[in-house]
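Line order of the protein sequences matches chains A and B.
Under the working numbering, residues 1 to 213 are what the first sequence spells out, in order.
Under the working numbering, residues 1 to 281 are what the second sequence spells out, in order.
Below: one structure, written as structure tokens.
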Amino acid sequence: MNGLLSSDPAGVAGTWVAALLTIVVFGRLLGERRVFGLAQYLLAGLATGYLLVLAVREVLVPRLVEPLLHNAGARPALWPAVPLVLALAGAAYLPRRVAGVPVAILVGGIAAFALGGAVVGTVLPQLAGAIVAPGRPATVVNGLIALLISALVLVSFLHGVPRRRVTVGAAAAGRWLVIGGLGAWLGYLLVSRLALLVDRVGFLLFDWLGIGR
Amino acid sequence: MSNDRSWRARSRGWLAAIALLAALAGALLVGSPAGLQLPNPDHSAVSQLRSAIAGIPANGTVLVAFDPDIGTYPEIRFAVRAVIDDLISRRARLAIVSYTPEGRALALAEIARLVDGGTPAGRVLDLGFRTGAEAALVTSVASIVPDSASGALADALRSRGGGLRAFDLALIVAGVDLGPRSWVEQVGTRVPGLPLVAVAPTSLRPELEPYRASGQLDGLLGTLRDDAAYAASVEPGGAHRPPASLAILVGMLAALAVLLQVGSRNIQARVRRAFDRRERW
Numbered sequence: 001m002n003g004l005l006s007s008d009p010a011g012v013a014g015t016w017v018a019a020l021l022t023i024v025v026f027g028r029l030l031g032e033r034r035v036f037g038l039a040q041y042l043l044a045g046l047a048t049g050y051l052l053v054l055a056v057r058e059v060l061v062p063r064l065v066e067p068l069l070h071n072a073g074a075r076p077a078l079w080p081a082v083p084l085v086l087a088l089a090g091a092a093y094l095p096r097r098v099a100g101v102p103v104a105i106l107v108g109g110i111a112a113f114a115l116g117g118a119v120v121g122t123v124l125p126q127l128a129g130a131i132v133a134p135g136r137p138a139t140v141v142n143g144l145i146a147l148l149i150s151a152l153v154l155v156s157f158l159h160g161v162p163r164r165r166v167t168v169g170a171a172a173a174g175r176w177l178v179i180g181g182l183g184a185w186l187g188y189l190l191v192s193r194l195a196l197l198v199d200r201v202g203f204l205l206f207d208w209l210g211i212g213r
Numbered sequence: 001m002s003n004d005r006s007w008r009a010r011s012r013g014w015l016a017a018i019a020l021l022a023a024l025a026g027a028l029l030v031g032s033p034a035g036l037q038l039p040n041p042d043h044s045a046v047s048q049l050r051s052a053i054a055g056i057p058a059n060g061t062v063l064v065a066f067d068p069d070i071g072t073y074p075e076i077r078f079a080v081r082a083v084i085d086d087l088i089s090r091r092a093r094l095a096i097v098s099y100t101p102e103g104r105a106l107a108l109a110e111i112a113r114l115v116d117g118g119t120p121a122g123r124v125l126d127l128g129f130r131t132g133a134e135a136a137l138v139t140s141v142a143s144i145v146p147d148s149a150s151g152a153l154a155d156a157l158r159s160r161g162g163g164l165r166a167f168d169l170a171l172i173v174a175g176v177d178l179g180p181r182s183w184v185e186q187v188g189t190r191v192p193g194l195p196l197v198a199v200a201p202t203s204l205r206p207e208l209e210p211y212r213a214s215g216q217l218d219g220l221l222g223t224l225r226d227d228a229a230y231a232a233s234v235e236p237g238g239a240h241r242p243p244a245s246l247a248i249l250v251g252m253l254a255a256l257a258v259l260l261q262v263g264s265r266n267i268q269a270r271v272r273r274a275f276d277r278r279e280r281w
């Protein structure tokens with residue numbers, strides 16, 4: 001049972017709506033497109049409405065409007081946010097140079113955080129973790145195998161470089177290793193999606209129909 | 001003629017889909033036989049997570065970063081609830097925050113479930129939704145308790161600085177958008193003393209396993225079998241049960257059948273092409 005919907009009238013109504021929509025989505029498997037399309041529109045509309053409410057209630061009002069209304073002088077850093085938010089909201093009607101400023105700040109900021117974090121938090125620590133220290137033979141063998149696989153896979157990404165026979169063989173082996181890795185990942189995905197399908201069928205049986213509770 | 005053939009092919013697809021759903025429903029109703037176990041017999045992931053949780057002091061504070069996807073949350077829901085119940089039973093105090101809109105919707109539902117279930121109000125604090133993805137994670141290091149938050153837990157967090165250093169553990173309930181990798185990169189490097197543990201859908205496991213192996217994540221439940229093992233270890237036969245193992249087995253057999261069918265079709269086509277070539281010669 002998902003336990004998200006209570007047993008009061010609102011919860012019962014929610015369970016029914018969820019069950020009917022689940023059946024509609026399953027109906028796509030039987031070729032029903034029109035009602036399935038309506039369910040997609042419903043999802044898109046609800047998601048848009050939810051995002052709007054979330055942005056207004058949990059971001060704009062408590063973090064921008066209220067602090068400025070109560071004590072505007074105490075938070076000067078918030079003032080530049082006002083024209084940026086207005087420029088984003090009116091992006092469809094403003095010249096591209098004006099509307100592009102908040103977008104550029106947004107993309108630049110996120111990219112800077114992501115890139116810096118990736119180098120300091122992933123590349124360097126993972127490089128350090130991959131260095132094979134002399135220790136137990138099993139650890140050394142493991143490390144050497146990881147090194148060999150990484151090297152072969154990297155060689156398989158060499159394009160447009162004159163190759164010798166050894167390089168061609170290594171690249172082919174690397175490609176097969178990539179395919180093997182992708183296959184293993186798809187296996188993980190299969191188990192993941194199966195769990196979701198089983199959960200939906202269980203929802204229809206146990207939460208909605210009340211069978212086997 | 002071709003219309004008739006395509007209708008027959010389509011009806012075969014419909015029948016297969018109905019048969020799969022019926023088989024899954026049957027497997028769920030029958031229940032799993034005793035010999036078929038979903039929990040992972042290798043308890044290393046479970047032990048690692050449990051030892052990280054055991055390191056929380058009495059009345060410790062745990063930040064629950066609740067950012068799963070609506071699409072994949074059902075896979076990890078039972079494990080997330082088992083971990084949260086485990087934390088509450090150890091008298092930990094939970095502060096729940098979300099950095100993604102989907103996570104916020106699910107966090108609200110789970111907070112309502114906790115309150116309805118009788119969790120004392122002082123043990124759970126809603127820190128709300130924070131925009132800005134990675135930038136929001138960085139600003140949370142200095143300040144995560146909103147001005148509007150009130151109560152003993154909010155005051156306790158403010159007295160310890162009001163940022164991520166005020167917590168004894170961070171539990172990351174992960175989705176695809178902003179997951180443990182971002183936490184390791186943005187928070188792990190700035191607050192190295194904060195243990196990070198995660199519950200993630202299986203599809204994220206290949207990405208996250210290196211962080212667990214390097215010790216950047218102090219605990220990770222990243223597969224359905226590890227999730228099931230954890231739930232069984234904290235409350236055997238309890239309320240938060242994994243999907244029935246028989247249903248998962250039925251689904252996997254169906255997937256194998258599809259793979260075999262596609263594979264045999266490819267082999268048939270190759271053999272036919274080879275024969276055609278030989279005849280032309």
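From the three backbone atoms N, C-alpha and C, an ideal C-beta is built for every residue, glycine too.
So what does Thr61 of chain B bridge to, in DSSP terms? Here the question's residue 61 of chain B lines up with position 61 in the second sequence. According to DSSP, Thr61 of chain B bridges with B:Arg93.
- Query: Can you round the beta-carbon distance between Ala45 of chain B and Asp226 of chain B to whole angstroms, since I take them to be within the 8 Å contact cut?
  - Reply: Taking the first residue of the second sequence as 1, we reach residue 45 of chain B at position 45. Taking the first residue of the second sequence as 1, we reach residue 226 of chain B at position 226. The C-beta distance from Ala45 of chain B to Asp226 of chain B rounds to 4 Å, short enough to meet the 8 Å contact threshold.
Start and end residues, beta strand (DSSP E) containing Phe129 of chain B: By one-based count along the second sequence, residue 129 of chain B stands at place 129. Membership of Phe129 of chain B in the beta strand (DSSP E) is indicated by the continuous run Val124 to Phe129.
Using a cut-off of 8 Å between C-beta atoms, extract the partners of Ser192 of chain A located in chain B. What you label residue 192 of chain A is simply residue 192 of the first sequence in a count that begins at 1. Using a Cβ-Cβ cut-off of 8 Å, Ser192 of chain A is close to Thr72, Glu75, Pro201, Thr202, Ser203 and Leu224 of chain B, given in chain order.
* Asked: What residues in the region 17–42 of chain B have a beta carbon less than 7 Å from any beta carbon of chain A?
  -> Result list: Ala17, Leu21, Leu24, Ala25, Leu28 and Leu29.
**Request:** Could you check the C-alpha separation between Gly143 of chain A and Val120 of chain A for me, to the nearest Å?
**Result:** As a working mapping, residue 143 of chain A is identified with position 143 in the first sequence. As a working mapping, residue 120 of chain A is identified with position 120 in the first sequence. Take the alpha-carbon of Gly143 of chain A and the one of Val120 of chain A: they are about 22 Å apart.
Buried or exposed for Tyr93 of chain A, going by 16 or more other Cβ atoms inside 10 Å?
The count along the first sequence starts at 1 and reaches residue 93 of chain A at position 93. Flag for Tyr93 of chain A reads exposed.
### Message
Less than 9 Å between the beta carbons of Leu157 of chain B and Phe167 of chain B, yes or no?
### Response
As a first step, residue 157 of chain B must be located in the second sequence, where it is residue number 157. As a first step, residue 167 of chain B must be located in the second sequence, where it is residue number 167. For Leu157 of chain B and Phe167 of chain B, yes; Cβs fall inside 9 Å.
Q.
Measuring only the C-alpha atoms, how far is Glu66 of chain A from Leu86 of chain A?
A. For the purposes of this step, residue 66 of chain A is taken as the residue at position 66 of the first sequence. For the purposes of this step, residue 86 of chain A is taken as the residue at position 86 of the first sequence. If I take the Cα positions, the gap works out to 16 Å.
Next on the checklist: Tell me the DSSP secondary structure of Leu24 of chain A in three-state form.
Outcome noted: On the first sequence, residue 24 of chain A is found 24 positions in, with the first residue counted as 1. Here residue 24 of chain A turns out to be Val, not Leu, going by the sequence shown. DSSP places Val24 of chain A in helix when its eight states are reduced to three.
> What's the C-alpha gap between Tyr188 of chain A and Leu164 of chain B?
Replying inline: For the purposes of this step, residue 188 of chain A is identified with residue 188 of the first sequence, where counting begins at 1. For the purposes of this step, residue 164 of chain B is identified with residue 164 of the second sequence, where counting begins at 1. CA-CA distance, Tyr188 of chain A to Leu164 of chain B, rounds to 33 Å.
- Message: Taking only three categories from DSSP, how would you classify Leu94 of chain A?
- Response: Position 94 of the first sequence holds residue 94 of chain A. When secondary structure is reduced to three states using DSSP, Leu94 of chain A falls in the coil class, being assigned neither helix nor strand.
Taking the beta strand (DSSP E) that Ala170 of chain B belongs to, which residues open and close that run?
The residue labelled residue 170 of chain B in the question sits at position 170 within the second sequence. Counting along the chain, Ala170 of chain B sits inside the beta strand (DSSP E) bounded by residues Leu169 to Val173.
_Extent of the continuous beta strand (DSSP E) to which Gly219 of chain B belongs_ = Residue numbering aside, residue 219 of chain B sits at position 219 when the second sequence is read from its first letter. Gly219 of chain B: member of the beta strand (DSSP E) spanning Gly219 to Leu221, first to last residue.
Rounded straight-line distance, which links the Cα of Val80 of chain B to that of Leu69 of chain A: Taking the first residue of the first sequence as position 1, residue 69 of chain A is located at position 69. Taking the first residue of the second sequence as position 1, residue 80 of chain B is located at position 80. Roughly 40 Å separates the two Cα atoms.
Does the CB of Asp199 of chain A have a neighbour CB from chain B at under 9 Å? Locating residue 199 of chain A in the first sequence gives position 199, where the first residue counts as 1. Closer than 9 Å to some Cβ of chain B, the Cβ of Asp199 of chain A qualifies, so yes.
Identify the contact partners of Trp14 of chain B in chain A, using a Cβ-Cβ distance below 8 Å as the criterion.
By one-based count along the second sequence, residue 14 of chain B stands at place 14. Within chain A, the residues near Trp14 of chain B are Leu29, Leu30 and Gly31.
> Are the beta-carbon atoms belonging to Leu137 of chain B and Val187 of chain B less than 9 Å from one another?
Replying inline: Taking the second sequence and counting its residues from 1, the one referred to as residue 137 of chain B is at position 137. Taking the second sequence and counting its residues from 1, the one referred to as residue 187 of chain B is at position 187. Taking 9 Å as the Cβ cut-off, Leu137 of chain B and Val187 of chain B qualify as a contacting pair.
*In whole angstroms, what separates the C-alpha of Glu208 of chain B from that of Val98 of chain A?*
The count along the second sequence starts at 1 and reaches residue 208 of chain B at position 208. The count along the first sequence starts at 1 and reaches residue 98 of chain A at position 98. Looking at the sequence itself, residue 208 of chain B is Leu, so the reference to Glu does not match. Each residue's alpha carbon lies about 40 Å from the other.
Check your understanding: Do Ser214 of chain B and Ala128 of chain A have their C-beta atoms within less than 9 Å of each other?
Key -> In the second sequence, counting from the first residue as 1, residue 214 of chain B sits at position 214. In the first sequence, counting from the first residue as 1, residue 128 of chain A sits at position 128. Yes. Within cutoff.
What did DSSP end up calling Val199 of chain B once you bin it into helix, strand or coil?
-> Sequence index remark: in the second sequence, residue 199 of chain B carries index 199 (1-based). Three-state result, Val199 of chain B: strand.
Checklist entry - If you measure beta-carbon to beta-carbon, which residues of the region 131–148 of chain B are closer than 9 Å to chain A? => result Hits within the stretch, in order: Thr131, Gly132, Ala133, Glu134, Ala135, Leu137, Val138, Pro146, Asp147 and Ser148.
Reference Asp155 of chain B; option with closest CA among B:Ile56, B:Gly122, B:Ala133 and B:Ile267: Translated into positions along the second sequence, residue 155 of chain B becomes position 155. Among B:Ile56, B:Gly122, B:Ala133 and B:Ile267, the Cα nearest to that of Asp155 of chain B is on B:Gly122.
Assuming Ser192 of chain A and Thr189 of chain B make a contact with CB atoms under 8 Å, what is their CB distance in whole Å? As a working mapping, residue 192 of chain A is identified with position 192 in the first sequence. As a working mapping, residue 189 of chain B is identified with position 189 in the second sequence. Taking 8 Å as the upper bound for CB-CB distance, Ser192 of chain A and Thr189 of chain B are not in contact here, some 29 Å apart.
| Within 10 angstroms of its Cβ, does Ile96 of chain B collect 16 or more other Cβ (buried), or is it exposed? | In the second sequence, the residue the question calls residue 96 of chain B occupies position 96. The residue is buried, with at least 16 neighbouring Cβ atoms inside 10 Å.
request  = Starting from Ile53 of chain B, follow the alpha helix (DSSP H) in both directions and report where the run begins and ends.
outcome  = As a working mapping, residue 53 of chain B is identified with position 53 in the second sequence. Per DSSP, the continuous alpha helix (DSSP H) segment holding Ile53 of chain B begins and ends at Ser44 to Ala54.
What are the residues in the region 111–124 of chain A lying within 7 Å of chain B by C-beta distance?
Those would be Phe113, Ala114, Gly117, Ala118, Val120, Gly121 and Thr122, in chain order.
For Ala255 of chain B, which residues in chain A fall below 7 Å Cβ to Cβ? Looking up residue 255 of chain B in the second sequence gives position 255. Within chain A, the residues near Ala255 of chain B are Leu190.
Leu148 of chain A to Leu115 of chain A span [Cα, whole Å]:
Against the first sequence, residue 148 of chain A aligns to sequence position 148. Against the first sequence, residue 115 of chain A aligns to sequence position 115. Rounded to whole angstroms, Leu148 of chain A to Leu115 of chain A spans 27 Å at the Cα level.
**Report entry** Candidates A:Leu186, A:Leu196 and A:Leu209: closest to Leu259 of chain B by CA position
**Finding:** Here residue 259 of chain B refers to the residue found at position 259 of the second sequence. That would be A:Leu186, whose Cα lies nearest to the Cα of Leu259 of chain B.
**Prompt:** Excluding five sequence neighbours on each side, which residues of the same chain lie with their C-beta closer than 6 Å to the C-beta of Ser140 of chain B?
**Reply:** Locating residue 140 of chain B in the second sequence gives position 140, where the first residue counts as 1. So the qualifying residues of the chain are Leu164.
Just tell me which of B:Ala244, B:Arg272 and B:Ala257 has its CA closest to the CA of Leu28 of chain B.
-> In the second sequence, the residue the question calls residue 28 of chain B occupies position 28. A check of alpha carbon separations from Leu28 of chain B across B:Ala244, B:Arg272 and B:Ala257 identifies B:Ala244 as the nearest.
| Whose Cβ in chain A lies nearer than 9 Å to the Cβ of Pro206 of chain B? | Here residue 206 of chain B refers to the residue found at position 206 of the second sequence. Proximity of chain A to Pro206 of chain B at the Cβ level (cut-off 9 Å) is accounted for by Gly181, Ala184, Trp185 and Tyr188, in chain order.
Item to check | Buried/exposed call for Asp85 of chain B, threshold 16 Cβ in 10 Å | outcome: If you number the second sequence from 1, residue 85 of chain B lands on position 85. Asp85 of chain B comes out buried.
*Got a sec: is the Cβ-Cβ distance from Gln186 of chain B to anything in chain A below 9 Å?*
Within the second sequence, the letter at position 186 stands for residue 186 of chain B. Output row for Gln186 of chain B: interface = yes.
Along chain A, in chain order, which residues have C-beta atoms closer than 8 Å to that of Phe129 of chain B?
On the second sequence, residue 129 of chain B is found 129 positions in, with the first residue counted as 1. Chain order gives the chain A residues near Phe129 of chain B as Leu54, Glu58 and Val59, where near means a beta carbon separation below 8 Å.
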